[in-house]
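K.L.:
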Amino acid sequence: MKATQVRYKHRRQNKNRYIQIPLLAVLLLSAFIACDDAYLLDPSVSLYDLDFEAEDWTTTTHSNSAEPDYDQIFDDSKVQRIDIVITEDNWQAMLDDMTQLYGSFGSNRNSGPASDNNEDPMFVPAEIFYNDKQWYKVGIRFKGNSSLQNSWMSGILKLSLKLDFDEFEDDYPQIDNQRFYGFKKLSMKNNFDDTSFLREKVTAEFFGSAGLAVSHTAFYELYLNSGEGPEYFGLYTMVEEVDDTVIKTQFSSSGGNLYKPEGTGASFRSGSFSESYFEKKTNEDASDWSDIEKLFEVLHDNTRTSDPSVWRADLDTIFDTDVFLEYLAVNTTVQNWDTYGRMTHNYFLYNNPETDKLTWIPWDNNEALQEGKMGGSPNLNFSDVSSSSWPLIGYIYADPVYRAKYESYLQKTVDGAFEVNAAQMKYSAYSALIEESVYAEQSGYTFLNYSGQFQTSIATLNSHADSRASAVYNYLN
3 MKATQVRYKH RRQNKNRYIQ IPLLAVLLLS AFIACDDAYL LDPSVSLYDL
53 DFEAEDWTTT THSNSAEPDY DQIFDDSKVQ RIDIVITEDN WQAMLDDMTQ
103 LYGSFGSNRN SGPASDNNED PMFVPAEIFY NDKQWYKVGI RFKGNSSLQN
153 SWMSGILKLS LKLDFDEFED DYPQIDNQRF YGFKKLSMKN NFDDTSFLRE
203 KVTAEFFGSA GLAVSHTAFY ELYLNSGEGP EYFGLYTMVE EVDDTVIKTQ
253 FSSSGGNLYK PEGTGASFRS GSFSESYFEK KTNEDASDWS DIEKLFEVLH
303 DNTRTSDPSV WRADLDTIFD TDVFLEYLAV NTTVQNWDTY GRMTHNYFLY
353 NNPETDKLTW IPWDNNEALQ EGKMGGSPNL NFSDVSSSSW PLIGYIYADP
403 VYRAKYESYL QKTVDGAFEV NAAQMKYSAY SALIEESVYA EQSGYTFLNY
453 SGQFQTSIAT LNSHADSRAS AVYNYLN
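Numbering of the sequence shown is given in our numbering, commencing with residue 3 and proceeding in unit increments.
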């Protein structure tokens, strides 16, 4: 375990001055009330916690004028450490909120079904320490869907977190537009259901190697201090947020509509469109979903069967089919069941202003690189995917022109992004890098069930790479 020393600064909180100078107390309290009622109504914001100096603030590390520093935050050559320091009251508030959402911690050890609550957990302010520098009043909350719920109900406190570095800037003007080396938001993924600890990271790299827009990832040890000193919460995967820097750095413009589909309409079944299924992550104030509606219209148009060339031309105008076909080739080769074709989530659609086409962006890959659940990852020929239920796959694959492109991308995938030797070398390098951090995890903060499970899981990934290359070869031949 790394012996990184973390510097915690102590604030001056001279509450006695209000007793000694009553008039000043009255004036200050009146100012707070007049300035923002949130100071009094938000239990995470203390009247005595407002007057501080952001002493570690520099342009490079904290300001929004700095470009995202990928070499610093997403360094593939090492496991980095990040510390969260949170007040006991705010930590308890987060736990109480989870109890309200999902029941008592560890509740499925006894009885009770999983909750269908889709409400996001609450944000609270906390201090972030990294490389002996502090970030102030950073918004943190638990994140995830079934992974969050299942971890909580299983009594595992290693929960995924969302970090928003200026979430509380209205309450604390000192952190206006605070950034973390150019990043406003980041996700700390807990590698749920992944005893190799690699799936989230390497799958994103396979997509990236194929030329697709995708989040950067990196390994971090997470320590949390809620008043009793730093506790090791385990090895996490830091993931870049799509609605923050992915669209800003991997597209020519970040001004297009970005959607995070979820629910029935995200299947693109005929007649299933509703704005509620396509949450906007950009341009939220513009009540316009016409690009998504157009995709539904074209996808289900009668020309698909009566005049396929017209249908393809119309579809190519609104939807980046080349990107989607390459995504399908990579996703189906590496196997990923927890996404489109099995589940109505875990992807983004971005209306790229350069092309005016909706572009597919993969997301949340901790369940990849395995046959999986819920019927398993789709077959290479999608024979187990219902066209009416999943028309973006079924209709496109049924078209011979699109199918030929898909098959060329399959060959490209096994020759390049997911070439067997390269994949296995990646597994070897990363498993050696994180081994010490993995074995330092403690009961209640780990998904490992026995000491040798990590190495067994790496061996499984190596066998999987061989088997998938053979599967693609057999399909193409």
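Yeah, the Cβ is synthetic: ideal placement off N, Cα and C, and Gly gets one too.
This structure is a prediction, so every number in the text was calculated from the model and none was measured.
1) Does the beta-carbon of residue 375 have 16 or more other beta-carbons within 10 angstroms, so that it is buried, or is it exposed?
2) DSSP three-state call for residue 471: helix, strand or coil?
3) For residue 488 versus residue 405, is the C-beta spacing smaller than 7 Å?
4) Is there contact here, the stretch 136-153 with the stretch 205-219, by at least three beta-carbon pairs under 8 Å?
5) Between the C-alpha atoms of residue 256 and residue 354, what's the straight-line distance to the nearest angstrom?
6) With hydrogens ignored, establish whether the beta-carbon of residue 279 is closer than 6 Å to any heavy atom of the ligand SAM.
7) In this structure, what does DSSP give as the bridge partners for residue 220?
8) Taking just the CA atoms, how far does residue 128 sit from residue 89?
9) In whole angstroms, what separates the C-alpha of residue 225 from that of residue 132?
10) By alpha-carbon positions, which one of 173, 199, 379, 195 ends up nearest to residue 434?
11) For the structure I just gave you, are there three or more beta carbon pairs, one from the stretch 182-189 and one from the stretch 219-235, closer than 8 Å?
12) Please classify residue 340 as buried or exposed, where buried requires at least 16 other C-beta atoms within 10 Å of its C-beta.
13) Hey, quick one: how far does the alpha helix (DSSP H) through residue 315 stretch, first residue to last?
14) With a 10 Å radius around its C-beta and 16 neighbouring C-beta atoms as the bar for buried, classify residue 380 as buried or exposed.
15) Under three-state DSSP, which class holds residue 93?
16) Measure the Cβ-Cβ separation of residue 175 and residue 143 and say whether it is below 7 Å.
17) Based on DSSP bridge pairs, tell me the residues matched to residue 370.
18) From the DSSP secondary-structure annotation, give me the bridge partner or partners of residue 361.
19) Can you check which of these residues, 333, 342, 467, is closest to residue 421 by C-alpha distance?
20) Does the Cβ of residue 304 have 16 or more other Cβ atoms within 10 Å, making it buried, or fewer, making it exposed?
21) Where does residue 201 sit, in a helix, a strand or coil, going by DSSP?
22) Identify, in the order they occur along the chain, each residue of the same chain with its Cβ nearer than 8 Å to the Cβ of residue 412, setting aside the five sequence neighbours on each side.
P.N.:
Well, looking at it:
1) exposed
2) helix
3) Lying before the first or after the last residue shown, residue 488 is absent from the chain, which here runs from 3 to 479.
4) no
5) 8 Å
6) This structure lacks the ligand SAM; in fact it carries no ligand of any kind.
7) 240
8) 7 Å
9) 11 Å
10) 199
11) no
12) buried
13) 310-320
14) buried
15) helix
16) no
17) 338
18) 352
19) 467
20) exposed
21) helix
22) 331, 334, 335, 382, 474, 477, 478
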